[in-house]
């Protein structure tokens with residue numbers, strides 16, 4: 001997958017994610033969580049970009065196990081960051097209700113699905 005194709009797809013996925021965020025914030029009473037939602041979206045975009053470049057670099061490596069190691073390591077780091085982000089927001093932000101998690105899970109599902117898609121495309125390099 002070329003970088004230009006990845007960036008176009010990332011923009012489209014980010015548009016879909018933003019549409020879902022706007023819908024969640026309009027339908028639920030979670031105006032207080034808008035900075036958290038936007039920050040989470042930016043974090044997921046950065047993770048996707050980093051994972052794309054790491055995956056592309058490791059896909060062409062001589063060590064055929066490097067790609068799967070990068071994928072597994074990045075998945076563990078992402079899950080740890082997400083857990084820390086939610087717990088920190090609950091402890092420091094003291095939200096009035098727990099509905100802020102709805103847009104968080106929306107973003108997690110959208111960007112994780114996108115990561116699986118572009119990593120599958122990158123894994124075709126490993127298979128050759």
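In the UniProt record's numbering, the protein residues as written are 1 to 128.
Where a beta carbon is used, it is the ideal one built from N, C-alpha and C, also for glycine.
Owing to the predicted nature of the structure, the values given are computational and were not obtained by experimental measurement.
Using only the alpha-carbon positions, how far apart do residue i and residue j sit?
i	j	result
residue 33	residue 93	9 angstroms
residue 107	residue 5	21 angstroms
residue 60	residue 68	12 angstroms
residue 66	residue 44	23 angstroms
residue 57	residue 42	23 angstroms
According to DSSP, is residue i helix, strand or coil?
i	result
residue 71	helix
residue 94	coil
residue 99	coil
Applying the 10 Å Cβ sphere with the 16-neighbour rule, what's the burial state of residue i?
i	result
residue 64	exposed
residue 7	exposed
residue 89	buried
residue 40	buried
residue 71	buried
residue 150	Outside the displayed span of the chain (1 to 128) sits residue 150, for which this structure offers no information.
residue 119	buried
Determine the contact status of residue i and residue j, defining contact as a CB-CB distance below 8 angstroms.
i	j	result
residue 1	residue 78	no
residue 37	residue 103	yes
residue 13	residue 100	no
residue 110	residue 16	yes
Between which two residues does the alpha helix (DSSP H) carrying residue i extend?
i	result
residue 25	3 to 27
residue 131	As displayed, the chain neither begins before 1 nor continues past 128, which places residue 131 out of reach and without an answer.
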